[in-house]
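If you read the sequence shown in the numbering used here, its first letter stands for residue 193, the second for the next number, and so on.
Below: the structure, in structure tokens.
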Amino acid sequence: MNILVTGGAGYIGSIVAEELIRQGDAVVVFDNLYYGHRAAVHPDATFVEGDLADRAAVKAVFDAHEIEAVMHFASYTLVGESMEQPFKYLGDNVTNGLNLLQEAVAHGVRRFILSSTANLFDDPERMPIDEEERIVPGSPYGESKNILERILHWLDRVYGFRYAALRYFNAAGASPTGERGEDHDPETHLIPRVLQVALGRREKIVIFGDDYPTRDGTCVRDYIHVTDLAQAHILALRALDEGSRTYNLGNGQGFTVKEVIETCREVTGHPIPAEVGPRRPGDPAVLVASSEKIRRELGWEPRYPDLRTIIGHAWEWHRTHPNGYGD
Ligand code: UDP
193 MNILVTGGAG YIGSIVAEEL IRQGDAVVVF DNLYYGHRAA VHPDATFVEG DLADRAAVKA
253 VFDAHEIEAV MHFASYTLVG ESMEQPFKYL GDNVTNGLNL LQEAVAHGVR RFILSSTANL
313 FDDPERMPID EEERIVPGSP YGESKNILER ILHWLDRVYG FRYAALRYFN AAGASPTGER
373 GEDHDPETHL IPRVLQVALG RREKIVIFGD DYPTRDGTCV RDYIHVTDLA QAHILALRAL
433 DEGSRTYNLG NGQGFTVKEV IETCREVTGH PIPAEVGPRR PGDPAVLVAS SEKIRRELGW
493 EPRYPDLRTI IGHAWEWHRT HPNGYGD
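Following this line, the structure appears as structure tokens:
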């Protein structure tokens, strides 16, 4: 299949593109390289540098390539930033997505995968969180994904547009090929930050609060290997013709911040000094996914559910790419 991957130069998009190509699909990557990296784009992908805000550029991609499906990763993704700059999220994330969707529909494309988020569940009643959970976006970022999910719902009703919304919990790790990994600037995520300490690039890790109602007082998250996420995208894509679908994606097991740091110590052999600081506003105490639905419906099975392996792959990437993609 010919697949347009927006944000295919970013962390998750580039690794999904790698998997698609490995499985024989043709990939067109569309990325403005604001956050993505040219070196992350698979050499066998067709690369188009462009911005989703530029509708003519989006149209040109669909005109030039016989796109059969779209995977949409390109997005602003920082919860904290969205609380300070809501229009960047409620505006740009939504209008950029609309440009993409309008051109997809205009060009007869009816298959679409959306990167969605666990930030839809700010106040969960059940743990682990399944797809029946009430949607309570935790930020303008989460709301932007919720709006896109709602738009997709209506496009399905009106045009028979088939979509999958995949709500990631905490994506982590790196491609097991060692070729692609996480390189954000600024880096806000826990695992890469902790590994930066092991690399000597950061003095210590600050734990954002240890007074949560959890087993050691620090926040619990569900870390899912980025390659397992990639497989979920591919399975969802292959199933789209049977109908639209929404899945929560995690391993179903939570780890505290302190447990993550301890596992990083074991993996790296570095003492990794840590200190407790104040809570980060907007962090729920516990977020763990139930991925029973995608397991049941699509037979998805994580290949790397073990936190040590996830951190091991991340460490391999950071150790061999101390400057990330070096751009
Ligand atoms: N965290 C932390 N110190 C850091 C970065 C993150 O204690 O320097 C915590 C954060 O409060 C959250 C967990 O680690 O409870 C995972 O945060 P991350 O930003 O990786 O992902 P999020 O859960 O926000 O999507």
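No residue lacks a Cβ here, since even glycine has one placed at the ideal position from N, Cα and C.
Relative to ligand 1, the nearest heavy atom lies less than 7 Å away from the CB of ASN362. Straight through space, the alpha carbons of VAL301 and VAL262 are spaced by roughly 8 Å. Here VAL468 is bridged, per DSSP, to ILE399. Just measuring C-alpha positions, the residue of GLN294, THR269, LEU292 sitting nearest LEU282 is THR269. Proximity of the region 469-476 to the region 337-357 falls short of the contact definition, fewer than three beta-carbon pairs being nearer than 8 Å. In this structure, ligand 1 has no non-hydrogen atom nearer than 7 Å to the beta-carbon of ASP403. Contact fails between the region 234-246 and the region 345-365, because fewer than three Cβ pairs, one in each stretch, are under 8 Å apart. In terms of side-chain proximity, the C-beta atom of PHE400 is found nearer than 7 Å to a non-hydrogen atom of ligand 1. The continuous alpha helix (DSSP H) containing ILE503 extends over residues 499-512. In terms of side-chain proximity, the C-beta atom of LEU382 is found nearer than 7 Å to a non-hydrogen atom of ligand 1.
In the displayed model, MET275 falls within a helix according to three-state DSSP.
GLU451 and GLY392 have their alpha carbons spaced roughly 20 Å apart.
About 4 Å separates the Cβ atoms of GLY442 and PHE361, confirming a contact at the 8 Å cut-off. DSSP, read as helix, strand or coil, puts HIS345 in helix. Taking all protein chains in view, the Cβ of PRO384 is crowded by 16 or more other Cβ atoms within 10 Å, so the residue is classified as buried. Taking a contact to require three or more Cβ pairs closer than 8 Å, the region 223-239 and the region 292-311 do not qualify as touching.
When DSSP assignments are scanned along the region 312-345, no uninterrupted stretch of beta strand (DSSP E) that is 3 or more residues long falls wholly within it.
In this structure, the beta-carbon distance from ALA310 to ALA481 falls below 8 Å.
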